[in-house]
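What follows is one structure encoded as structure tokens, with my remarks underneath.
In the numbering used here, the protein residues as written are 2 to 292.
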């Protein structure tokens, strides 16, 4: 660190005080007409810079895109599908508006206007909320890294996401629905309805999970589809279900017959760990596969 902690630069009768930051750089404490005032301002700023909550005023000049893509995204320690969703919302809704901005220049009112624009442009409420979550998480990370002193997202009101009405099929409606399902996929649909398993759990299901004597299915794994837009449609196998809690489901004979039918058609043994429900290309199913 330099031997002196403050400096005064005088030009045209005006005096600019400089103070030494903890990293050894020199920062301005402002320009004044009185040299003593400039010196006092430099001393005060020097003392502030030694506090644990001090933030270098130059830090907020980093562009949001540089921080988000070189620091925030690579540091995420979350499920891959969650990261893929964050990346998608960042690219579609946050980066085009705020990416080129200096982090410290983003204001509360601008975020409110951005959310209003998303609403006016017909962006769904759930997507609005997810886009805001991404921006908020980036700025929270920047605050923890001492790039900004406060959060412009604080107290921002995000529109509520309407809850869809729950519709329960009658047996007749379900039978009518099955008429339009290809024969190959009917066992999958009936197994899903009969067990309540999530799509990711059905996608990862293998014969070894079935206990034929107890008529149960042990749900202890999942296969997640990351989506074509996010990560090229990759599939990720996980050794735990979505809620990370293994459970055992009691099933009826009709579900067991459907599973047995699929196993017989594919030549799978009861102890097999090969997935039950694959498409013609031996890939796990997706929503597009069934549409």
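Glycine included, every Cβ here is placed at the ideal spot set by N, Cα and C.
DSSP links residue 29 through a beta bridge to 19. In this chain, the alpha helix (DSSP H) harbouring residue 46 covers 36 to 50. Taking C-alpha positions only, residue 198 is separated from residue 110 by approximately 43 Å. The Cβ-Cβ distance between residue 56 and residue 148 falls below 9 Å. Nearest to residue 251 by alpha-carbon distance, out of 195, 207, 262, is 195. Looking only at 172, 87, 174, the smallest Cα-Cα distance to residue 132 is reached by 87. In this structure, residue 203 places its C-beta atom within 9 Å of the C-beta atom of residue 286. CA-CA distance, residue 291 to residue 161, rounds to 31 Å. Under the three-pair Cβ rule at 8 Å, the region 162 to 175 does not count as touching the region 235 to 251. For residue 59, the number of other beta carbons within 10 angstroms of its own is below 16, and it is reported as exposed. Of the candidates 6, 33, 24, 26, the residue whose Cα lies closest to the Cα of residue 14 is 33. Ranked by Cα distance from residue 143, the first of 218, 257, 76 is 76.
In the pairwise beta carbon analysis, the region 205 to 213 is classified as touching the region 271 to 282: at least three pairs are separated by under 8 Å.
The residue among 213, 200, 245 with its C-alpha nearest the C-alpha of residue 221 is 245. Leaving aside the five residues that flank residue 9 on each side, the residues in its chain whose CB is nearer than 8 Å to its CB run, in chain order, 16, 17, 18, 19, 36, 39, 40, 43. Burial state of residue 79 is exposed, judged by a 10 Å Cβ sphere holding fewer than 16 other Cβ atoms.
Residues 131, 132, 135 of the same chain have their beta carbon placed closer than 6 Å to that of residue 90, with the five preceding and five following residues left out of the count.
Remark: C-beta atoms of residue 217 and residue 259 do not approach each other more closely than 9 Å. Following the DSSP letters along the chain, one finds residue 7 inside the beta strand (DSSP E) bounded by residues 7 to 12.
Comparing C-alpha distances from residue 249 to each of 269, 264, 263, 219 shows the shortest one belongs to 219. Secondary structure at residue 103: strand, using DSSP grouped into helix, strand and coil.
With 16 or more other CB atoms across the displayed protein chains lying within 10 angstroms of its CB, residue 129 is buried. Residue 174 and residue 120 have their C-alpha atoms roughly 35 Å apart. Bounds of the alpha helix (DSSP H) holding residue 261 are 254 to 267. When the beta-carbon positions are compared, residue 188 and residue 263 come within less than 9 Å of each other. For residue 101, same chain residues with a beta-carbon under 7 Å away, outside a window of 5 residues either side, are 64, 66 in chain order.
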